[in-house]
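Working notes for the structure below.
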Amino acid sequence: MAHACVLVHRSLFQRERSNIPAHGGRLAERESPCAIKERSFMSTLPACPKCSSQYTYEDGSLYVCPECAHEWNPQSTVAADDDDVKVYRDSAGNTLQDGDTVIVIKDLKLKGSNNVVKMGTKVKNIRLVDSDHDIDCKIDGIGPMSLKSEFVKKA
Ligand SMILES: [Zn+2]
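Residue numbers for the sequence shown follow my numbering, so the first one is -8 and each next one is one higher.
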């Protein structure tokens, strides 16, 4: 009984719609501005800061780049630009600060010598500098050194 009832209601509804063309016309009008709005909204998203891809999309509060899989928070990007402070990160993505202790994650050959900084070496009291070797430090038994943050992990 309930099943038959649903069928009757639906066919009644369809007949009503087809009898009043103005109703259908209004529906179509309501759909089109919505589609246009969505397209222009997409193009206002910023390009990927990593690879400059234009195909950025939103995932919750994050922006996501489909080409290099970079995800970022639009709010934190703006804040970083305002402060103009470089963020130093170790190989695991932890933020590094002056005075931190880090551990070398792979054997690093020193240029122009036979010395090797062994994997697992603890480096105390680092100093962050704005260069491609962004960690200034002193390693016991070797002396002053410059390391890349990508080869260390925060201790
Ligand atoms: Zn990208």
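Where is the CB? At the ideal position from N, CA and C, for every residue including glycine.
CA-to-CA distance, residue j to residue i, given in whole angstroms
| i | j | result |
| --- | --- | --- |
| ASN85 | ALA38 | 25 Å |
| ASN106 | LYS139 | 17 Å |
| LEU99 | SER137 | 11 Å |
| PRO65 | TYR54 | 7 Å |
| TRP63 | TYR48 | 11 Å |
| SER122 | SER52 | 32 Å |
| GLY132 | GLY90 | 19 Å |
Residue i in three-state terms, based on DSSP
| i | result |
| --- | --- |
| ALA26 | Its pLDDT being 44, under 50, ALA26 is placed unreliably in this model, and the coordinates cannot settle the point. |
| SER82 | coil |
Delimiting residues of the beta strand (DSSP E) encompassing residue i
| i | result |
| --- | --- |
| LEU130 | Rather than Leu, the amino acid found at residue 130 in this sequence is Ile. ILE130 -> beta strand (DSSP E) spans 126 to 130. |
| MET136 | 134 to 138 |
| LYS144 | 143 to 145 |
| ILE94 | 93 to 95 |
Beta-carbon proximity list for residue i, same chain, < 7 Å, skipping 5 on both sides
| i | result |
| --- | --- |
| ILE96 | SER82, MET110, PHE142, VAL143, LYS144 |
6 Å CB neighbourhood of residue i in its chain, flanking five on each side removed
| i | result |
| --- | --- |
| PRO135 | LYS129 |
| TYR46 | PRO57 |
| ILE126 | ILE117, LEU138, SER140 |
Residues near residue i by beta carbon distance below 8 Å, same chain, minus five either side
| i | result |
| --- | --- |
| CYS59 | CYS39, LYS41, CYS42, SER44 |
Ignoring anything shorter than 3 residues or poking outside the region 33 to 57, list the beta strand (DSSP E) runs there in chain order.
48 to 50, 53 to 55
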